[in-house]
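First the structure, in the form of structure tokens, and then the observations on it.
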Amino acid sequence: MALSGIQIYKLLPQTNCKECGFPTCLAFAMKLAAKQVELSACPYVSEESKQKLAESAAPPIRLVTLKADGNEVKAGNEVVLFRHEKTFYNKPGLFIRLKASEGADAIAQKVAAADAYRVTYVGMDFSIDGFAVQADGGDLNAAVQAVRAKSKRPLILIGEAETLAPALPALDGETPLLYAANPENWEAMADLAKKHAAALAVTAPDLDTLADLTQKIKEKGVEDLVLDLGTTKLSEWLARSTQVRRLALKNFRPLGYPVIALAGEAGDTAKESIFAAQAIAKYAGFIVLDTFAPELIYPLLVLRENIYTDPQKPIQVQPGLYEINNPSPEDPVMVTTNFSITYFAVANEVEGAGIPAWLVVCDAEGMSVLTAWAAGKFDAERIAKSVKEFNVAEKVSKKRVVIPGHVAVLSGELEEELPGWEIRVGPREAVDIPAFVKQAL
Amino acid sequence: MPVEVPKTTWPGSVKTITLGATPEEGGTRSRTVTVGGETTLPFLHFETPMPNPPAIAVEIKDHRPDDWSPLLAEAWGDVMDDPAQWAKAAEEAGADIIVLALSPKNRDGNETTKEEAVSAVKAVLEASGLPLIVWGPGQADLDNELLVAVAEATKGERLVLGICEDKNYRTIVATAMANDHLVQARTPMDVNLAKQLNILISDMGMPLDRILMDPTTAAVGYGIEYGYSAMERLRLAALQGDAMTQLPMIVTPGFEAWKAKESKVGEGVPEAWGDWKERAVNWETLTAVTLIESGADIVVLRHPESIKRVKVAIEELMNV
Numbered sequence: 001m002a003l004s005g006i007q008i009y010k011l012l013p014q015t016n017c018k019e020c021g022f023p024t025c026l027a028f029a030m031k032l033a034a035k036q037v038e039l040s041a042c043p044y045v046s047e048e049s050k051q052k053l054a055e056s057a058a059p060p061i062r063l064v065t066l067k068a069d070g071n072e073v074k075a076g077n078e079v080v081l082f083r084h085e086k087t088f089y090n091k092p093g094l095f096i097r098l099k100a101s102e103g104a105d106a107i108a109q110k111v112a113a114a115d116a117y118r119v120t121y122v123g124m125d126f127s128i129d130g131f132a133v134q135a136d137g138g139d140l141n142a143a144v145q146a147v148r149a150k151s152k153r154p155l156i157l158i159g160e161a162e163t164l165a166p167a168l169p170a171l172d173g174e175t176p177l178l179y180a181a182n183p184e185n186w187e188a189m190a191d192l193a194k195k196h197a198a199a200l201a202v203t204a205p206d207l208d209t210l211a212d213l214t215q216k217i218k219e220k221g222v223e224d225l226v227l228d229l230g231t232t233k234l235s236e237w238l239a240r241s242t243q244v245r246r247l248a249l250k251n252f253r254p255l256g257y258p259v260i261a262l263a264g265e266a267g268d269t270a271k272e273s274i275f276a277a278q279a280i281a282k283y284a285g286f287i288v289l290d291t292f293a294p295e296l297i298y299p300l301l302v303l304r305e306n307i308y309t310d311p312q313k314p315i316q317v318q319p320g321l322y323e324i325n326n327p328s329p330e331d332p333v334m335v336t337t338n339f340s341i342t343y344f345a346v347a348n349e350v351e352g353a354g355i356p357a358w359l360v361v362c363d364a365e366g367m368s369v370l371t372a373w374a375a376g377k378f379d380a381e382r383i384a385k386s387v388k389e390f391n392v393a394e395k396v397s398k399k400r401v402v403i404p405g406h407v408a409v410l411s412g413e414l415e416e417e418l419p420g421w422e423i424r425v426g427p428r429e430a431v432d433i434p435a436f437v438k439q440a441l
Numbered sequence: 001m002p003v004e005v006p007k008t009t010w011p012g013s014v015k016t017i018t019l020g021a022t023p024e025e026g027g028t029r030s031r032t033v034t035v036g037g038e039t040t041l042p043f044l045h046f047e048t049p050m051p052n053p054p055a056i057a058v059e060i061k062d063h064r065p066d067d068w069s070p071l072l073a074e075a076w077g078d079v080m081d082d083p084a085q086w087a088k089a090a091e092e093a094g095a096d097i098i099v100l101a102l103s104p105k106n107r108d109g110n111e112t113t114k115e116e117a118v119s120a121v122k123a124v125l126e127a128s129g130l131p132l133i134v135w136g137p138g139q140a141d142l143d144n145e146l147l148v149a150v151a152e153a154t155k156g157e158r159l160v161l162g163i164c165e166d167k168n169y170r171t172i173v174a175t176a177m178a179n180d181h182l183v184q185a186r187t188p189m190d191v192n193l194a195k196q197l198n199i200l201i202s203d204m205g206m207p208l209d210r211i212l213m214d215p216t217t218a219a220v221g222y223g224i225e226y227g228y229s230a231m232e233r234l235r236l237a238a239l240q241g242d243a244m245t246q247l248p249m250i251v252t253p254g255f256e257a258w259k260a261k262e263s264k265v266g267e268g269v270p271e272a273w274g275d276w277k278e279r280a281v282n283w284e285t286l287t288a289v290t291l292i293e294s295g296a297d298i299v300v301l302r303h304p305e306s307i308k309r310v311k312v313a314i315e316e317l318m319n320v
């Protein structure tokens with residue numbers, strides 16, 4: 001863990017020379033602890049201290065980056081056990097596993113579809129992150145080439161050193177992940193990873209053996225390691241992943257690496273999906289799926305986005321008057337909040353249904369309708385203020401405003417705040433807006 | 001290298017709550033369900049064993065709902081017309097607990113009466129021996145009227161009555177106290193609001209081991225992260241010893257997931273959303289599993305396939 005100001009102070013010259021710009025070494029140490037200054041501001045710090053401080057500044061979970069042709073997937077650098085304590089940073093990469101025995105044609109077809117997959121959620125485009133190719137007796141080289149012909153995303157190669165070796169020269173310049181070193185094969189795997197500058201997954205049946213292995217592999221000069229927890233039993237994996245995260249955050253270096261989860265090994269598609277969801281919430285850095293199915297990938301990508309959203313910053317859109325489908329002055333005026341999920345749910349419905357409308361997005365501090373209402377951030381006064389501030393009256397001929405069904409209780413008050421306007425109560429859920437507009441407006 | 005696994009010993013624990021009462025206990029249930037009692041975070045059996053598995057409650061209505069997804073109508077079929085049959089089907093589908101959600105309107109479109117509510121509840125109690133949760137229609141006056149009648153007609157059953165919110169809880173709590181029932185207390189995804197309502201309810205004299213806390217949740221894609229973190233924080237507060245947060249948590253991933261467009265609608269959606277039915281089941285299942293990982297003690301579900309999958313997940317998570 002990072003050193004405290006006092007611990008840092010002990011490593012400084014303690015001469016209070018002020019050349020760093022601070023009145024005392026202690027003041028400088030405090031700023032260092034808060035990561036507000038760089039150590040290089042001190043001209044007299046010893047080499048030994050520099051090294052110690054650099055070590056303590058190293059992230060408790062090593063950042064491992066898989067690369068291919070400009071595409072990167074990062075894992076690690078996490079600093080908390082619970083997302084509310086700060087945030088989770090690097091979303092676990094989702095990889096699709098292919099087996100060499102499937103044959104190059106089948107692989108190429110699957111990869112083309114998975115690589116082209118795009119889905120939009122609250123204005124963000126998501127896709128999968130890469131592919132895993134397993135040497136299972138088929139022609140690994142042909143399989144890798146088949147993947148590369150259709151996708152430029154990073155790779156994970158699964159197999160023993162002697163089967164993986166022939167496929168690696170073609171991936172020169174990339175950083176793939178080799179899976180996996182175990183207590184028997186670790187030397188050969190480490191040599192191979194070193195030779196090709198690859199990252200290396202390490203697996204063992206228990207954490208003692210795993211910690212041993214990472215130490216030995218690190219001594220061989222391979223630093224970009226990824227941990228496989230040696231189980232796909234839901235409860236056991238949860239326990240080990242929690243233990244690894246806790247140990248890493250206590251600066252236990254042998255386990256200070258991101259974790260990989262082979263969800264496809266957990267069982268049928270239902271179990272795979274549940275295991276993947278747990279891996280997203282509980283600290284995985286890379287997740288390998290066997291199933292590429294949009295109906296599964298989409299909820300997993302969205303769940304991943306949700307869990308990795310910074311809890312300090314609700315995702316918001318700019319408050320304002322949004323024109324949907326080029327509305328004319330007689331088209332309806334609808335009101336909602338500036339929470340991204342709320343805004344996009346409403347805007348997508350209205351837009352998708354081809355309804356021209358004026359959407360008044362109120363500043364509700366990034367909260368959803370019900371939450372904002374409960375917190376007093378979405379009341380009649382705020383709605384009226386937005387309607388006036390965005391000059392809605394000048395844009396429309398029909399002074400009628402539709403409020404969300406969840407805040408029907410505001411309609412009386414809003415009539416008083418907006419004299420001359422007709423207040424209508426719309427549906428509670430965005431999905432019901434098109435039917436409401438057709439029937440009631 | 002021997003790794004010393006860090007174990008946390010917490011000063012606090014979650015209360016143990018039993019739903020339902022057998023004939024010996026003054027009710028008519030053939031079995032009861034006990035939840036809560038955790039002394040550490042969910043499923044960390046290496047610290048202390050999880051005493052009770054999370055329970056699956058299945059939501060049914062007093063008559064066929066007109067706003068549920070066609071996928072749910074297809075899955076349940078004709079039993080949706082009869083709460084007793086529906087309760088039986090839910091039990092067969094794997095429910096540990098039945099949730100009967102009363103509608104504001106009866107079959108004929110008139111306001112649901114006390115007699116109708118009581119008769120639906122009695123029919124369900126006769127059809128299934130599982131513990132029962134009864135929700136009012138969600139309109140304060142009607143909730144109070146119906147739930148008081150239900151509570152009095154089922155004295156001693158240890159039903160859970162809901163949903164208490166800060167704007168309307170007194171009548172429900174009073175009748176639950178008078179008739180040996182429990183209550184469900186809902187607040188909007190906030191640790192302090194949850195505590196506050198628990199305090200208000202316990203100040204009325206309701207013992208804490210008869211309150212289920214509902215911190216409100218949202219589905220994947222619709223704000224699950226807020227519910228998830230509120231639940232993690234509530235559970236951490238409970239383990240740290242804050243008595244007013246030491247209640248088992250009930251959440252409604254079924255309701256939340258099935259109002260999401262991804263589950264509700266099959267046509268006119270992006271191709272990238274994939275197969276409708278499987279997507280809908282994933283939406284509900286993954287929402288529920290994620291909430292179980294953050295401390296849910298009871299998840300209320302809707303689709304039989306989700307029930308099956310969440311059950312498997314719970315079994316695996318309880319398997320040491």
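In order, the protein sequences belong to chains A and B.
Just so you know, we're using this note's numbering here: the first sequence kicks off at 1 and counts up by one.
Just so you know, we're using this note's numbering here: the second sequence kicks off at 1 and counts up by one.
Ideal Cβ placement from N, Cα and C applies to all residues, glycine included.
Item: Got a sec, what are the start and stop residues for the alpha helix (DSSP H) F126(A) sits in?; Value: Per DSSP, F126(A) belongs to no alpha helix (DSSP H); it is in the beta strand (DSSP E), M124 to F126.
Item: Quick one: residues in its chain with C-beta nearer than 6 Å to the C-beta of D432(A), no 5 flanking neighbours on either side, listed in chain order?; Value: none
Item: To the nearest angstrom, how far is the alpha carbon of I217(A) from that of F88(A)?; Value: 28 Å
Item: Considering only C-alpha positions, which residue in the set V35(B), P104(B) and L44(B) is nearest to R64(B)?; Value: P104(B)
Item: Where does M1(A) sit, in a helix, a strand or coil, going by DSSP?; Value: With a pLDDT of 49 at M1(A), under the threshold of 50, the predicted position of this residue should be treated as unreliable, though the coordinate-derived value follows. Here M1(A) sits in coil by DSSP.
Item: Where does S99(A) land, buried or exposed, given buried means 16+ other C-beta within 10 angstroms?; Value: The question names Ser, yet the displayed sequence has Lys at residue 99(A). Classification for K99(A): buried.
Item: At 8 Å on the CB atoms, spell out the chain A contacts of A73(B), in chain order.; Value: Chain A residues near A73(B): none, gap ~16 Å exceeds 8 Å.
Item: Need the endpoints of the alpha helix (DSSP H) that L247(A) sits in, please.; Value: L234 to L249
Item: Can you give me, in chain order, the residues of the segment 289 to 320 of chain A that have a beta carbon less than 7 Å from any beta carbon in chain B?; Value: A293, P294, E295, L296, Y298, P299, V302, L303, N306, I307, T309 and P311
Item: Tell me the DSSP secondary structure of K313(A) in three-state form.; Value: coil
Item: Quick one: which chain A residues come within Cβ less than 8 Å of V312(B)?; Value: A270, K271 and I274
Item: Three-state secondary structure (DSSP) at A75(A)?; Value: strand
Item: Can you give me the C-alpha to C-alpha distance between W86(B) and E72(A), rounded to a whole angstrom?; Value: 51 Å
Item: Hey, how far is the Cα of P23(A) from the Cα of G76(A)?; Value: 37 Å
Item: Could you compute how far the alpha carbon of L171(A) sits from the alpha carbon of H196(A)?; Value: 9 Å
Item: If D214(B) and V251(B) are in contact, beta carbons under 8 Å, what's the gap, nearest whole angstrom?; Value: 7 Å
Item: If you check the beta carbons only, do A116(A) and F292(A) fall under 9 Å apart?; Value: no
Item: Alpha carbon to alpha carbon, how far is L11(A) from S49(A)?; Value: 5 Å
Item: Which class does L81(A) belong to by DSSP, given the choice of helix, strand or coil?; Value: coil
Item: Scan the segment 290 to 320 of chain B and note each continuous beta strand (DSSP E) run of 3 residues or more that stays entirely inside, going in chain order.; Value: 298 to 301
Item: For T285(B), which residues does DSSP report across the bridge?; Value: Answer by DSSP bridge pairing: none, since T285(B) is not bridged.
Item: Take the Cβ of S397(A) as the centre, count every other Cβ of all protein chains shown within 10 Å, and call the residue buried at 16 or more, exposed below.; Value: exposed
Item: In terms of residues, what are the limits of the alpha helix (DSSP H) holding E86(B)?; Value: Looking at the sequence itself, residue 86(B) is Trp, so the reference to Glu does not match. Counting along the chain, the alpha helix (DSSP H) containing W86(B) begins and ends at P83 to A93.
Item: Enumerated in chain order, which unbroken segments of the beta strand (DSSP E) with a length of 3 residues or greater are wholly contained in the segment 74 to 161 of chain B?; Value: 97 to 101 and 132 to 135
Item: Taking any Cβ of chain B, which residues in the segment 74 to 100 of chain A have a Cβ under 7 Å from it, in chain order?; Value: F82, R83 and H84
Item: Quick one: grab the DSSP three-state call for Y226(B).; Value: helix
Item: Classify N16(A) as helix, strand or coil using the three-state DSSP reduction.; Value: coil
Item: Put E59(B) into one of helix, strand or coil per three-state DSSP.; Value: strand
Item: With DSSP run on the structure shown, which of helix, strand or coil describes F28(A)?; Value: helix
Item: Using DSSP's beta-bridge definition, name the partner residues of K339(A).; Value: The residue you asked about is not Lys; residue 339(A) is Phe in the sequence shown. Answer is Q316(A), bridged to F339(A).
Item: Taking only beta-carbon positions, decide if E429(A) is within less than 9 Å of chain B.; Value: yes
Item: For the beta strand (DSSP E) that W358(A) lies in, which residues bound it at each end?; Value: A357 to C362
Item: Within 10 angstroms of the Cβ of P270(B), are there 16 or more other Cβ atoms? Answer buried if so, exposed if not.; Value: exposed
Item: Please list, in chain order, all residues of the same chain as E389(A) whose beta carbon is under 7 Å from its beta carbon, the five residues on each side excluded.; Value: none
Item: Look at the alpha carbon of L303(A) and the alpha carbon of K7(B), and state the distance between them as a whole number of angstroms.; Value: 29 Å
Item: Under 8 Å Cβ-Cβ, which residues of chain B neighbour V119(A)?; Value: P270, A272 and W273
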